[in-house]
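Mapping of the first sequence onto the working numbering: residues -18 to 470, in sequence order. Glycine residues also receive a C-beta, built at the ideal position from the N, C-alpha and C atoms. These notes are about the structure you will find just below.
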Amino acid sequence: MSKVRVRFAPSPTGYLHVGGARTALFNWLFARHHEGDFVLRIEDTDLARSTDEATQVILDAMRFLGLDWDEGPGKGGDYGPYYQSERLDIYKEYVEKLISIDRAYECFCTPEELEQKRKEQMKQGLATRYDGRCAHLTEEEKAQFRAEGRKPVVRFRAEQEGATDVLDMIRGSVRFENTQIDDFVIYKSDGMPTYNFAVVIDDALMGITHVIRGEDHLSNTPKQIQIYEALGFSVPKFAHIPMILGPDKSLLSKRHGATSVMQFHDEGYLAEAMVNYLSLLGWGYDDSQTIFSKSELIEKFSLERVSKNPAVFDLKKLEWMNGVYIRELSLEEFYDRALPFLQEAGFLPAEPSAAERDYVLRILKELQSRVKLVSDVVEMAEYFFIDDYEYNEKAVRKVLSKPQAADILRFALDAISSAPDLSEENLKPLFVQGQEKFGVKMGEIIQPIRVAVTGTNVSPGIYEVLELLGQERSRERIQRTLEMLSDMN
RNA sequence: GCUCCCAUCGUCUAGAGGCCUAGGACAUCGCCCUCUCACGGCGAAGACAGGGGUUCGAAUCCCCUUGGGAGUACCA
């Protein structure tokens, strides 16, 4: 069997969204699994919408996910160029070939004429298709149109007899009656090829063996197959993977919230979690495993196990999975990921000192099991970095408004002052004494202290928090809280 | 309108005629751990869209209905 060659071919008209990323991932996994080639091709034939910025953004997202390509932008390769806009001569050659064998012809119909025809057909309950008006124009007629200033498109002369079968690795054989396939446009009047044409030429010339793409392309496939056949190219294998939907079951889009891979990155998602989660959208291995490392995915991925039905994107599950991957990070790795967010928040300078790094490391150790997104550290660690934190209103009401609260805080102040240091070893016996003195459960002692030194009723263990803050700051904070309480009364 | 695809818990899925009293994961709800919150552990609830066949036997095969999705562009 010849070497597997697959490609991901985004059009640079925006960011890399979740659906595109999943398609790229499946192609990449398939290539790596079969030790084949993964090529990246930029489909920038839509002059009006394609931009260089978009290309860069997509490339960045691919790099973030770790989907490295063997051929393509920045890489080169034996089958280039990898930008369709640089392959215009190639398309030209093949269009001319199709025209010369009478499998394509120029069409001078205007968009308005076509639109009107479409409406009529729909009204009559017919399939909308080109009526072949320009299918047999004479040279004189063409010259006449040209004289009028009309710019022609080129249409493929589609086979009308029989049917075209799409052999899909996921869906089996899908038959399309050729009467359903009209003479579609393969060359636009601006001199650019259309998608259905360029994709065939490129896939054929680049030696693509498996075309793995979204199911939205299934209906286009018979048209493409006819071009392969007209040109004598061998037809690749197809695999149309299911769509990704939003919670309302409509196609996933911006209105469902974040769909850009880089936006997830910015919000504190890990590439490992994204890859793992995306792999599970339309693919599953067995009945028990959901966490897969990249190498496991490469080893276990197969198109046979890709499901046929569309998948709803479940942000909650992604969040959970992100938490799983954060917990798997070493403390140093977690620090590296969290640093940019802490700097962005102004908690740390561009070049943290060794002492600052050490302090943050100790904080992160406590936070690692509590965050879902890396960016959560900003909110969770705020009181470790600033002293004039706000008190959470609900926490004050629930905890500090109790009659004994001030007494307990005064007691805590003494305890903290008298302890040689704020280790649990030293503090706990003192707190136990307080428990007996006030006749309350440990929580009644600890919660007021927690709210006092953090401003909230949710934090890591109190001994860890106090030790991190140190004697000085802990005392100041309790004192400040005491003052606030007396002001309230 | 026309063409095509799809249909198992709320969600992602396991299930290739008997192994299914339908398994796992997220979410939900309990309980445990516990100074709060997480983490972790244990448990509960929760699905084969409906109807016809085929078969000794159907979540698994066929047909219809219904529902969802896609395409139908000089977008890709």
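- Beta-bridge analysis with DSSP links I193 to A220.
- The C-alpha of N177 is placed about 14 Å away from the C-alpha of V216.
- In the three-state reduction of the DSSP assignment, F294 falls in the coil class, being assigned neither a helical nor a strand state.
- By the neighbour-count criterion, in which a residue is buried when 16 or more other Cβ atoms sit within 10 angstroms of its Cβ, I189 is buried.
- The alpha carbon of E142 has as its nearest neighbour, out of M150, E129 and T160, the alpha carbon of T160.
- Taking all protein chains in view, the Cβ of R13 is crowded by 16 or more other Cβ atoms within 10 Å, so the residue is classified as buried.
- The C-beta separation of A254 from M302 comes to about 5 Å, placing the pair in contact by the 8 Å criterion.
- Rounded to whole angstroms, the separation of the alpha carbons of G238 and F419 is 50 Å.
- One alpha carbon belongs to A108, the other to Q102, and they sit about 7 Å apart.
- Taking the Cα positions, W264 is about 6 Å away from S288.
- Taken in chain order, the complete alpha helix (DSSP H) segments of 4 or more residues contained in the region 354 to 403 are 357 to 366 and 386 to 399.
- With respect to the 8 Å criterion, A319 and V293 are not classified as neighbours on the basis of their beta carbons.
- Taking every protein chain shown into account, the CB of E332 has fewer than 16 other CB atoms within 10 angstroms, so this residue is exposed.
- Judged by beta-carbon spacing, A387 lies within the 8 Å limit of L466, meaning their Cβ atoms are closer than that value.
- Of the candidates P54, L6, E34 and Y(-4), the residue whose Cα lies closest to the Cα of L21 is P54.
- Burial is judged here by how many other beta carbons sit within 10 angstroms of a residue's own beta carbon; M361 has at least 16 and is buried.
- Between P(-7) and S31, the CB-CB gap stays under 8 Å.
- Here E285 is exposed, its C-beta having fewer than 16 other C-beta atoms within 10 Å.
- Distance between T145 and L212, taken at the CA atoms: about 16 Å.
- When the alpha-carbon of S170 is set against those of P384, Y258, Y111 and P92, the nearest one is in P92.
- Across the structure, T435 and V(-15) are spaced so that their CA atoms are roughly 57 Å apart.
- The region 36 to 44 makes no contact with the region 74 to 92; the number of CB pairs closer than 8 Å stays below 3.
- Taking a C-beta distance under 8 Å as the contact criterion, I225 and V(-1) qualify as a contact pair.
- With a cutoff of 8 Å on beta-carbon distance, F137 and I167 are scored as near each other.
- Each residue's CA atom was taken as its position, placing T26 and D33 some 12 Å apart.
- I193 sits away from F19, with the two beta carbons spaced by 8 Å or more.
- C88 is bridged by DSSP to V134.
- In the DSSP assignment, S241 forms a beta bridge with H(-2).
- Here DSSP, grouped into helix, strand and coil, assigns L278 to helix.
- Burial is judged here by how many other beta carbons sit within 10 angstroms of a residue's own beta carbon; P441 has at least 16 and is buried.
- Under a 10 Å Cβ-count criterion, T437 is classified as buried, with 16 or more other Cβ atoms of the shown protein chains found around its own Cβ.
- According to the DSSP assignment, I167 belongs to the beta strand (DSSP E) that extends over V166 to Y168.
- Excluding its 5 nearest sequence neighbours in each direction, I427 has C-beta neighbours in its own chain below 8 Å: F412 and I443, listed in chain order.
- Per DSSP, reduced to three states, the secondary structure at F157 is strand.
- Counted as a single uninterrupted DSSP element, the alpha helix (DSSP H) harbouring L348 occupies residues A335 to L348.
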